[in-house]
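Q:
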Amino acid sequence: MSETRHNWTKEEILDIYNKPLMELLYESATIHRQHHDPNTVQVSTLLSIKTGGCPEDCGYCPQAARYHTDIEGNDLMSVQQVKAQALRAKASGSSRVCMGAAWRNVKDGQEFDDVLEMVRTINKLDMEVCCTLGMITENQAQRLAEAGLYAYNHNLDSSEEYYKEVISTRGFEDRLETIDNVRKTNVTVCSGGIIGMGEKVEDRAGMLVALSTLNPQPESVPINALVAVEGTPLEDQKPVSIWDMVRMVATTRIIMPETQVRLSAGRTEMSREGQAMCFFAGANSIFAGDKLLTTPNPDVNEDMEMFKQLGLNPQKPFIKKMQPETVEAQDSQYQALGEKPKWTRPEHTIDRNEDAKQKAKVLK
Ligand code: SAM
Ligand code: DTB
Ligand code: SF4
Numbered sequence: 001m002s003e004t005r006h007n008w009t010k011e012e013i014l015d016i017y018n019k020p021l022m023e024l025l026y027e028s029a030t031i032h033r034q035h036h037d038p039n040t041v042q043v044s045t046l047l048s049i050k051t052g053g054c055p056e057d058c059g060y061c062p063q064a065a066r067y068h069t070d071i072e073g074n075d076l077m078s079v080q081q082v083k084a085q086a087l088r089a090k091a092s093g094s095s096r097v098c099m100g101a102a103w104r105n106v107k108d109g110q111e112f113d114d115v116l117e118m119v120r121t122i123n124k125l126d127m128e129v130c131c132t133l134g135m136i137t138e139n140q141a142q143r144l145a146e147a148g149l150y151a152y153n154h155n156l157d158s159s160e161e162y163y164k165e166v167i168s169t170r171g172f173e174d175r176l177e178t179i180d181n182v183r184k185t186n187v188t189v190c191s192g193g194i195i196g197m198g199e200k201v202e203d204r205a206g207m208l209v210a211l212s213t214l215n216p217q218p219e220s221v222p223i224n225a226l227v228a229v230e231g232t233p234l235e236d237q238k239p240v241s242i243w244d245m246v247r248m249v250a251t252t253r254i255i256m257p258e259t260q261v262r263l264s265a266g267r268t269e270m271s272r273e274g275q276a277m278c279f280f281a282g283a284n285s286i287f288a289g290d291k292l293l294t295t296p297n298p299d300v301n302e303d304m305e306m307f308k309q310l311g312l313n314p315q316k317p318f319i320k321k322m323q324p325e326t327v328e329a330q331d332s333q334y335q336a337l338g339e340k341p342k343w344t345r346p347e348h349t350i351d352r353n354e355d356a357k358q359k360a361k362v363l364k
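Residue numbers for the sequence shown follow full-length UniProt numbering, so the first one is 1 and each next one is one higher.
1) Just to confirm, does His68 get its C-beta within under 8 Å of one of the non-hydrogen atoms of the ligand SAM?
2) How many Å lie between Gln217 and His6 at the Cα?
3) Once the 5 residues before and after Thr268 are set aside, which same chain residues still bring their CB inside 7 Å of it?
4) With respect to 8 Å, is the separation between the Cβ of Gln63 and the closest non-hydrogen atom of the ligand SF4 below this value?
5) Is there contact between the region 103 to 121 and the region 297 to 312, where contact requires at least three CB pairs shorter than 8 Å?
6) When every heavy atom of the ligand SF4 is checked, does at least one fall within less than 8 Å of the C-beta of Tyr162?
7) What do you reckon, is the C-beta of Arg262 under 8 Å from a heavy atom of the ligand DTB?
8) Quick one: grab the DSSP three-state call for Arg175.
9) If you measure from the CB of Asp114, is any heavy atom of the ligand SAM nearer than 8 Å?
10) Taking 8 Å as the line, does the beta carbon of Ala89 fall inside it for any heavy atom of the ligand DTB?
11) Do Ser136 and the ligand SF4 come close, with the Cβ less than 8 Å from some heavy atom?
12) Does the separation of the CB atoms of Glu128 and Ser44 fall below 9 Å?
13) Given 8 Å as the limit, is there contact between the region 208 to 228 and the region 248 to 260, that is, 3 or more CB pairs closer than that?
14) Between which two residues does the beta strand (DSSP E) harbouring Thr169 extend?
15) From this set, Ile242, Leu226, Pro233, Asn284, which residue's C-alpha is nearest Ala65's C-alpha?
16) Kindly give me the distance between the Cβ atoms of Trp103 and Leu133, rounded to whole angstroms, as I take these residues to be in contact under 8 Å.
17) Under 7 Å Cβ to Cβ from Met248, same chain only, skipping five residues before and after it: list those, please.
18) Measure how close the beta-carbons of Met285 and Gln42 come, nearest whole angstrom, since I'm counting them as under 8 Å.
19) May I ask which residues mark the beginning and end of the beta strand (DSSP E) holding Ile49?
20) Just to confirm my understanding: we take Ala250, look at its own chain, exclude 5 residues before and 5 after, and list those with CB closer than 7 Å. What are they?
21) Counting Cβ pairs, one atom from each stretch, are 3 or more of them under 8 Å apart for the region 73 to 82 and the region 44 to 59?
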């Protein structure tokens, strides 16, 4: 049985990533089998509870207000709307709902109170609940934990060096701090990144160093292929090759043996054979449903057909960790502190982000 190491170096990770493919696959599939049932895949449904109008400048993101993209923005959904969507997700075979909000960070107040109620509601449906709401303080993480949150998603997205080429409105260290805040609670950590943003293989390895040296390692690591959306600074990026995706999944599996590796955005561009290779390499989680947050994803029926063909079964909820208890709002031990943390604002200039912003000004 391979043991979990927290001292991986970039060079070691590059050596793994660049192995002859058959050796890489054999090694990752072997490690995968030691730690997981190779025929089980965890299925999550994404729900964009607040869409668009985000103040950040993430170069990949169609929800950044400063770029001109073709998405429909929406204010925060109601608890009832979220419950109805969660019931649909459960009926279609998902064990987890992941609620995403186009926020830079969480602010205490009515909207966060509503999100806490959404968490309570979904946990009571006996589904795993995940949120991705931007940066959060320790107090906010505790309040989410108390409501019954199972996982918090907060991606590192790339290496610390390449992060600066993609986002100028926040710093890599803010991401690490939020992950640290989540770690102080009982909530599991979901953190990964995107490939295909023009980064070097060294940056992919750098991101994997940052993730694998966290102790404990994230319970879930999403690997997204960039969905290049018109109007964003990264609109002209070429689609990621399936070979890069397979290498990234296999390398992640080898250095983070216990983690659930999530084959995330970009599956509409992958053949079934390509996805099968990713599952063989150690991916054991997907997002299901015909929409990710704002972009298309394969239809649930298509995915279920693929599962049948490959002999894969959806994972039941709370297999890896017990269901958290939900504390009702009136019994809460935590007060909203109304803190205003000084998250970083580097505000350096990224030429392609500036160009996309200028183009948007002309079009709007
Ligand atoms: N606003 C919060 C934040 O940034 O943490 C949560 C939502 S944000 C959309 C969640 C993640 O979606 C990002 O960290 C990024 O990894 C992923 N993402 C966004 N746009 C993407 C795209 N075009 N292609 C692939 N992944 C994308
Ligand atoms: C993650 O790593 N990928 C998901 C989820 N976590 C929140 C989001 C993918 C978004 C793709 C672009 C969109 O649909 O807006
Ligand atoms: Fe906003 Fe998150 Fe999109 Fe960045 S990735 S623009 S923070 S929604």
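Just so you know, even glycine gets a beta-carbon here, dropped at the ideal spot from N, CA and C.
A: Concretely, from the data shown:
1) As a position in the sequence shown, residue 68 is number 68, starting the count at 1. Every heavy atom of the ligand SAM is 8 Å or more from the Cβ of His68, so no.
2) Within the sequence shown, the letter at position 217 stands for residue 217. Within the sequence shown, the letter at position 6 stands for residue 6. Spanning the two alpha carbons is a distance of roughly 8 Å.
3) Against the sequence shown, residue 268 aligns to sequence position 268. Closer than 7 Å at the Cβ level, and outside the excluded window around Thr268, lie Pro296, Asn297, Pro298.
4) Position 63 of the sequence shown, counted from the start, is the residue given in the question as residue 63. Yes, the Cβ of Gln63 comes within 8 Å of a heavy atom of the ligand SF4.
5) no
6) Within the sequence shown, numbered from 1, the residue matching residue 162 stands at position 162. No.
7) Taking the sequence shown and counting its residues from 1, the one referred to as residue 262 is at position 262. Yes, the beta carbon of Arg262 sits closer than 8 Å to at least one heavy atom of the ligand DTB.
8) Counted from its first residue, the sequence shown places residue 175 at position 175. If DSSP states are grouped into helix, strand and coil, Arg175 belongs with the helices.
9) Position 114 of the sequence shown, counted from the first residue, corresponds to residue 114. Incorrect: Asp114 has no Cβ contact closer than 8 Å to the ligand SAM.
10) Residue mapping note: residue 89 aligns to position 89 of the sequence shown, counting from 1. Outside the cutoff, so no.
11) Taking the first residue of the sequence shown as 1, we reach residue 136 at position 136. Sequence check: residue 136 is Ile here, not Ser. Ile136: no, Cβ never under 8 Å from the ligand SF4.
12) Your numbering for residue 128 matches position 128 in the sequence shown. Your numbering for residue 44 matches position 44 in the sequence shown. Closer than 9 Å, so yes.
13) Using a C-beta cut-off of 8 Å, the region 208 to 228 makes contact with the region 248 to 260, since at least three inter-stretch Cβ pairs fall below that distance.
14) Along the sequence shown, read from residue 1 onward, the residue named residue 169 stands at position 169. Careful: Thr169 lies outside any beta strand (DSSP E) and carries neither H nor E.
15) As a working note, residue 65 is residue 65 in the sequence shown. Closest option to Ala65, Cα to Cα, is Pro233.
16) By 1-based counting over the sequence shown, the position of residue 103 is 103. By 1-based counting over the sequence shown, the position of residue 133 is 133. Contact holds; Cβ gap of about 6 Å.
17) Sequence index remark: in the sequence shown, residue 248 carries index 248 (1-based). Excluding positions up to five away in sequence, the list reads Ile195, Arg204, Ile223.
18) Taking the sequence shown and counting its residues from 1, one reaches residue 285 at position 285. Taking the sequence shown and counting its residues from 1, one reaches residue 42 at position 42. In the sequence as displayed, the identity of residue 285 is Ser instead of Met. Rounded, the Cβ-Cβ distance is 4 Å, consistent with contact.
19) Here the question's residue 49 lines up with position 49 in the sequence shown. From DSSP, the beta strand (DSSP E) with Ile49 extends over 40 to 50.
20) As a first step, residue 250 must be located in the sequence shown, where it is residue number 250. Excluding positions up to five away in sequence, the list reads Leu24, Leu25, Ser28, Ala281, Gly282.
21) yes
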